[in-house]
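Anchor point for the sequence shown: position 177 equals 176 in numbering that gives the first Met the number 0, and the numbering is continuous, going up by one each time. By construction, the Cβ of each residue, glycine as well, lies at the ideal position given by its N, Cα and C atoms.
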Amino acid sequence: MDELRAHAAALVARRPGDARLRSVGTSRAGTPLWLLSIGHGSRNVLVVAGPHANEPVGGATVVHLAERLLAEPRLTVHADASWHLLLCLDPDGSRRNEGWLSGPYTLGHYFRNFFRPGFREQPEWLPDGAAAAALPETLTLLALQDELRPFLQCSLHGVDVGGGFVELTRDLPGLAQRVRRTAARLGIPRELGAYDTLYWPTVGPAVYRIPPPRRGDLAAAITEAAVESTWFHPHRHGTVTAVVEAPMWGVTAVEDGSPPTDRDATLRAVSGALRHDTRLLDSILARIRPQLAEAPDAASLLAPVDDYLLVCPGLADAWDPDTDDGRARPLPALNTAHLTALRIAGRRLALRTAGLLQRLVRGTGQDPAGVLPDLDRLIDAWCADYRDGCGARWIPVARQAEYQARVVLGAFELARRHARVRSRSGESGWGTEAAVPMHRE
């Protein structure tokens with residue numbers, strides 16, 4: 000986090016006429032939320048990095064984008080555009096992932112140092128609507144959206160295991176082709192059956208339409224992300240939001256669109272594994288609950304554990320062809336990519352839970368229930384399944400960031416063709432009268 004802010008400050012010192020850095024709010028722990036702005040055009044782009052604590056690639060991407068924006072006037076001056084790069088939306092959560100950020104980049108090291116807050120503590124979500132938003136990070140983002148009224152918002156996310164894909168609040172024709180070319184050039188697998196988008200419309204390979212927000216229970220919100228969110232909040236301003244997902248560990252099979260050999264057998268195996276893993280984790284949690292009162296910050300670690308264990312049984316039933324009682328939403332047609340994504344998703348829930356439980360026990364400084372060896376064995380076995388069973392391979396950070404930056408720039412080129420010109424600069428102290436771009440003064 001400190002390096003990210005220092006890099007942004009160095010860019011501003013180097014190009015003070017073109018780049019500005021300001022604090023736009025503070026986190027729950029009092030950490031400043033920094034906004035790096037580049038360009039003086041009348042049409043605004045908002046890029047949000049670090050919305051999820053365990054997805055750090057956005058920080059590298061905004062640095063890469065900033066360098067490119069300063070080097071290429073066609074993206075700012077000639078496009079009458081100002082870019083506003085929020086360096087990290089959840090800096091407090093991101094700091095809690097710093098145990099794995101310096102490497103080694105292995106699955107075991109990542110999951111043993113994993114942190115992501117519970118669903119209601121994630122700042123992009125508005126589970127009770129914008130008027131009831133309480134997190135300072137969320138309020139800062141909402142205020143920025145209403146101040147800037149961007150024609151494009153890009154939210155930078157990372158997939159821990161899988162492939163790259165994009166989610167849109169409104170279609171951008173041509174984006175799927177740009178994603179395909181970029182992914183092929185950089186060796187990034189595209190996720191053609193993303194678990195998050197299982198029931199969403201597909202507007203092109205690895206590009207999905209986010210459904211309009213609706214009220215639902217917490218389990219549906221966690222697994223489908225269809226509740227009200229900061230992705231849709233600026234829709235009133237004509238904003239199109241692109242959620243750009245870049246993988247840390249790539250799996251080639253997530254882009255296999257072929258029909259599966261035995262769909263039902265695979266679903267039974269995935270559902271059975273998730274039920275088995277959930278029972279193991281429930282048992283471990285029951286063994287350690289008596290000592291959690293002594294664990295520092297136990298509540299913040301238990302919240303996501305409870306979220307994951309809440310949704311696992313329902314997901315296993317939803318995926319199992321033998322438990323269909325006619326009341327659940329039927330699964331769509333599934334290809335090999337979909338089945339691979341479901342296998343990865345089930346294992347991800349188990350691994351995240353195991354990693355958080357291990358952090359909880361380590362935080363107490365003792366292990367009277369003797370669960371640490373059990374958790375170590377589970378994490379090793381499940382990571383081996385990712386590595387050997389799914390073929391997960393690490394993608395260097397520079398390649399992750401390059402992929403994400405190119406997709407953002409592709410979305411920018413397509414969105415600006417259709418965006419209506421705004422008369423606001425989006426910067427504090429500027430009036431509401433028609434702004435004259437600096438290069439035309």
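Taking the alpha carbon of Arg-115 as the point to measure from, which residue in Arg-351, Leu-413, Trp-393 and Ala-383 has its own alpha carbon closest?
-> Arg-351
Confirm, please, whether the CB-CB distance from Arg-346 to Tyr-385 is below 9 Å.
-> Tyr-385 places its beta carbon less than 9 Å from that of Arg-346.
Counted within 10 angstroms of its Cβ, other Cβ atoms place Glu-166 as buried (16 or more) or exposed | With 16 or more other Cβ atoms within 10 Å, it is buried.
Classify Asp-91 as buried or exposed, calling it buried when 16 or more other Cβ atoms lie within 10 Å of its own Cβ.
-> buried
Are three or more beta carbon pairs between the region 18-26 and the region 40-58 nearer than 8 Å?
-> no
Taking C-alpha atoms, which residue in His-6, Arg-14, Leu-279 and His-83 lies nearest to Gly-40?
-> His-83
Helix, strand or coil at Trp-199 according to DSSP, with G and I counted as helix | coil
Looking at Thr-251 and Gly-390, is the spacing between their C-beta atoms short of 9 Å?
-> The answer is yes: Cβ separation under 9 Å.
With contact counted as at least three CB pairs below 8 Å, one residue from each stretch, are the region 115-126 and the region 45-53 in contact?
-> yes
Boundaries (first-last residue) of the beta strand (DSSP E) holding Trp-82 = 80-85
Would you list, in sequence order, the uninterrupted alpha helix (DSSP H) runs of no fewer than 4 residues that lie entirely inside the region 305-352?
-> none
Following the continuous alpha helix (DSSP H) through Phe-110, name the residue where it begins and the one where it ends.
-> Note, Phe-110: alpha helix (DSSP H), 106-111.
Which of helix, strand or coil does DSSP assign to Phe-118?
-> helix
Backbone CA spacing between Glu-190 and Pro-246 [nearest angstrom] = 9 Å
Out of Phe-411, Leu-284, Ala-317 and Leu-377, state which residue places its alpha-carbon closest to the alpha-carbon of Leu-359.
-> Leu-284
Would you kindly report the start and end of the unbroken alpha helix (DSSP H) that includes Asp-263?
-> 262-287
Mark Thr-265 as exposed unless 16 or more other C-beta atoms lie within 10 angstroms of its C-beta, in which case mark it buried.
-> buried
Span separating the alpha-carbon of Thr-201 from that of Leu-341 | 17 Å
Anticipated Cβ contact below 8 Å, Cys-87 with Leu-3, distance rounded = 7 Å
What residues in its chain sit with their C-beta under 6 Å from that of Gly-203, if we drop five residues either side in the sequence?
-> If we look at Gly-203 and ignore the five residues flanking it on each side, its Cβ neighbours are Ala-175.
Between the region 128-145 and the region 231-240, do three or more beta carbon pairs fall short of 8 Å?
-> Yes, since at least three Cβ pairs between the region 128-145 and the region 231-240 fall closer than 8 Å, the two stretches touch.
Under a three-way DSSP split, which group does Phe-150 fall into?
-> coil
Check the C-beta distance from Pro-149 over to Val-242 and give it rounded, since I have them as a contact under 8 Å.
-> Between Val-242 and Pro-149 the Cβ distance is about 14 Å, and since that is not below 8 Å, they are no contact.
Applying the criterion that 16 or more other CB atoms from any shown protein chain within 10 Å of the CB defines a buried residue, is Ala-12 buried or exposed?
-> exposed
If you run the structure through DSSP and keep just helix, strand and coil, what is Glu-71?
-> coil
If you run the structure through DSSP and keep just helix, strand and coil, what is Arg-439?
-> For Arg-439, the predicted structure reports a pLDDT of 26, less than 50, and the residue's modelled location is therefore unreliable. A value from the coordinates is still provided. Helix at Arg-439.
Does any heavy atom of the ligand NAD sit closer than 8 Å to the C-beta of Gly-345?
-> Questions concerning the ligand NAD fall outside what the structure shown contains, since it holds no ligand whatsoever.
Proximal residues to Thr-196 (C-beta, below 6 Å), its chain only, five neighbours per side dropped | Tyr-207
Those residues which DSSP pairs with Tyr-194 across a bridge | DSSP lists no partner for Tyr-194.
Val-406 versus Glu-97: straight-line alpha-carbon distance, rounded | 26 Å
Okay, do the region 295-310 and the region 369-381 touch, 3+ Cβ pairs below 8 Å being the bar?
-> no
Who are the near neighbours of Leu-371 in its chain, counting only those whose CB is closer than 7 Å to its CB and skipping five residues on each side?
-> Gln-357 and Val-360
What are the uninterrupted segments assigned as beta strand (DSSP E) that are 3 or more residues long and contained completely in the region 129-174, given in chain order?
-> 151-161 and 164-167
Within 9 Å, strictly: CB atoms of Tyr-109 and Trp-99 = yes
Using 10 angstroms around the beta-carbon of Gly-354, count the other beta-carbons present and answer buried if the total reaches 16, otherwise exposed.
-> buried
Taking the DSSP output, what are the residues bridged to Ala-241?
-> Cys-153 and Leu-167
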